[in-house]
Every structure is written in structure tokens, then in C-alpha cells.
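A.B. asks:
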Amino acid sequence: AQTVTQSQPEMSVQEAETVTLSCTYDTSENNYYLFWYKQPPSRQMILVIRQEAYKQQNATENRFSVNFQKAAKSFSLKISDSQLGDTAMYFCAFMKPPAGGTSYGKLTFGQGTILTVHP
Amino acid sequence: DVKVTQSSRYLVKRTGEKVFLECVQDMDHENMFWYRQDPGLGLRLIYFSYDVKMKEKGDIPEGYSVSREKKERFSLILESASTNQTSMYLCASSLWTSYEQYFGPGTRLTVT
């Protein structure tokens, strides 16, 4: 079974600064997907960024980037130029790729990190 | 835009009551999921469904059942609500061919 651990229950950052959220995971799989989801105070969860394990290049989406260290089973999220709208709970999540003839499966989530951006 | 809606934002029920949580998606997604979210535990999968009338247990199915009679609707049923089922419940949906899950706004259920 896979496990995902986020060791930072809460983080804070000043507006325009950079913050890094940590995530580690445990799996015996060689191929898989990793995700960061954002849950703003209004509670609708949205996907921020994804990483395929077979890709060495770290994923980037505008101000969001990841540091994927496969051997260390580490997957951190860096938010550059933090904005007030980045205030949210962030979840790291793991997914196995589909086996033949099956669909994409379930997400395994970490505990979440509450990020507060201060003006 | 994909829209996933849940029947209630807040719900208060008494111990022993039968509770129905409804989820509807409007993008013809094959897959639908029910998670519960608890502080310090993140989200945990209760049940999921890949097709109408199909269901599979997730990590914590005990005390819950589900129903999927139509493709767009996935219901979570608490047969006899207990206080330890007080939680936030999130529904999600996805295409058969996609890893991306779209979430509803959640239902905060309190069982007293």
C-alpha cells in the first residue's frame, strides 16, 4: 500500500516571497503519478500540478513548480511570488497508473498543509 | 467547465438516522468517488464507481454504502449514522481516460 506524508501542518509566507511545501511518499511501484491539490477556504479542491514518475524533468505551472526526487521519494511544491489567493490547504497525492483495461484509479492523499499568505 | 455539485453544504443528523449524500456531475464522467476529509488525516477514499451500477470499496467503506443508478449521480448512504461519521465528505469525478479528478464543494456532516 502507498502512503503519503506531509510533515508541515501549517506554513506561512509573506506576499511576494517564495515558500516550499514538503511531501514524502512510500511505494514499491516504479511508475506512478504525483499531484498537488489546493483547497481554498471555500473548499472546492483543484489540481495545481502533476508529475509523472518516469519523467526526470520537474513539472512547472506558472508560479508553481515541483522538486521531484524519485530515489528519495520526495515531492515538494515551490510557490514563487506568493499571492494572497494562494492561501489554502495543500494536499500532496499519489496515484498508480491504470493496469490494462482499467481506468485511472484512486488518489492517496497526505495529511495536508495549511498555507497562509500574509500581506 | 466541469461542475460537481453536492446536495448540501451543511447537514446535521441524529445518531441512528439513515443519511443520504448526493453528488451530481455534468460532464459525462465515467468515474465517481466519495472521500471523507478529517483534520490530520487528509482525504480517505470510501467508495468509487467506474460505471453505472458498478462500485468498489475504497480504504474505509465500513458503515457506508453507495448507489449509482444514473451516470451523473453517485449517492453515499450512511445506513445508521454514528458520531464517528461526523466529517467533511467530498465527491469527485473523472473521465475514464484521465487522471484528473474534479471535486465538489463538500458536505459538512455533523452527527449528534
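If you read the protein sequences in the order shown, they are chains A and B.
Here the numbering used here is used: position 49 in the first sequence is 179, and no number is missing along the way.
Here the numbering used here is used: position 72 in the second sequence is 545, and no number is missing along the way.
Note that beta-carbon positions come from the ideal geometry of N, C-alpha and C, so glycine has one too.
None of the values given here were measured: they were computed from a predicted structure.
(1) Using the Cα positions of Met141 of chain A and Phe239 of chain A, report the straight-line distance between them to the nearest angstrom.
(2) Using beta carbons (cut-off 8 Å, strictly below), is Gln498 of chain B in contact with chain A?
(3) Which of the three DSSP states is assigned to Leu214 of chain A in this structure?
(4) Determine, using beta-carbon pairs with one atom in the region 481-498 of chain B and one in the region 201-209 of chain A, whether at least three such pairs fall under 8 Å.
(5) Cα separation between Thr150 of chain A and Lys208 of chain A?
(6) Kindly indicate if chain A contains any beta-carbon less than 8 Å away from that of Phe547 of chain B.
(7) Could you compute how far the alpha carbon of Glu503 of chain B sits from the alpha carbon of His248 of chain A?
(8) Tell me whether the beta-carbon of Ile533 of chain B lies closer than 8 Å to the beta-carbon of Phe493 of chain B.
(9) Establish whether the CB of Tyr163 of chain A and some CB of chain B are separated by less than 8 Å.
(10) Can you tell me whether Leu214 of chain A is buried or exposed, with buried defined as 16 or more other CB within 10 angstroms of its CB?
(11) Gln144 of chain A bridges to which residues according to DSSP?
(12) Of the residues that make up the region 216-242 of chain A, which ones have a beta carbon closer than 7 Å to any beta carbon in chain B?
(13) Count the other C-beta atoms from every protein chain shown that fall within 10 angstroms of the C-beta of Tyr184 of chain A, then say buried if there are 16 or more, exposed otherwise.
(14) Report the option in B:Ser555, B:Ser553, B:Ala554 and B:Asp524 whose CA atom is closest to the CA atom of Ser540 of chain B.
(15) Who are the near neighbours of Glu145 of chain A in its chain, counting only those whose CB is closer than 7 Å to its CB and skipping five residues on each side?
(16) Using a beta-carbon distance below 8 Å, is Leu484 of chain B in contact with chain A?
(17) I'd like to know if the region 220-228 of chain A and the region 160-167 of chain A are in contact, where contact means that at least 3 CB-CB pairs between them fall below 8 Å.
(18) Can you list the residues of chain A that Pro578 of chain B reaches, using a CB-CB cut of under 8 Å?
C.D. replies: In terms of the structure at hand:
(1) Each residue's Cα considered, the two are about 18 Å apart.
(2) No, because no Cβ of chain A sits closer than 8 Å to the Cβ of Gln498 of chain B.
(3) Looking at Leu214 of chain A - three-state DSSP - the assignment turns out to be helix.
(4) Touching, no.
(5) As the crow flies, the alpha-carbon of Thr150 of chain A is around 4 Å from that of Lys208 of chain A.
(6) By this cut-off, Phe547 of chain B is not an interface position.
(7) Their backbone Cα atoms lie some 40 Å apart in a straight line.
(8) Contact flag unset, no.
(9) Tyr163 of chain A counts as touching chain B.
(10) Leu214 of chain A is classed as exposed because its beta carbon has fewer than 16 other beta carbons within 10 Å across all chains shown.
(11) Answer is A:His248.
(12) For the region 216-242 of chain A, the set of positions with a beta-carbon nearer than 7 Å to some beta-carbon of chain B reads Phe221, Met225, Ser233, Tyr234, Lys236, Leu237, Phe239, Gly240, Gln241 and Gly242 in chain order.
(13) Burial is judged here by how many other beta carbons sit within 10 angstroms of a residue's own beta carbon; Tyr184 of chain A has fewer than 16 and is exposed.
(14) For the residues B:Ser555, B:Ser553, B:Ala554 and B:Asp524, the minimum Cα distance to Ser540 of chain B belongs to B:Asp524.
(15) Answer for Glu145 of chain A: Ser212, Gln213, Leu214, Val247, His248 and Pro249, listed in chain order.
(16) So no, Leu484 of chain B is outside the interface.
(17) The region 220-228 of chain A makes contact with the region 160-167 of chain A, as at least three CB pairs between them are under 8 Å.
(18) At a C-beta separation below 8 Å, Pro578 of chain B has these neighbours in chain A: Ser172, Arg173 and Gln174.
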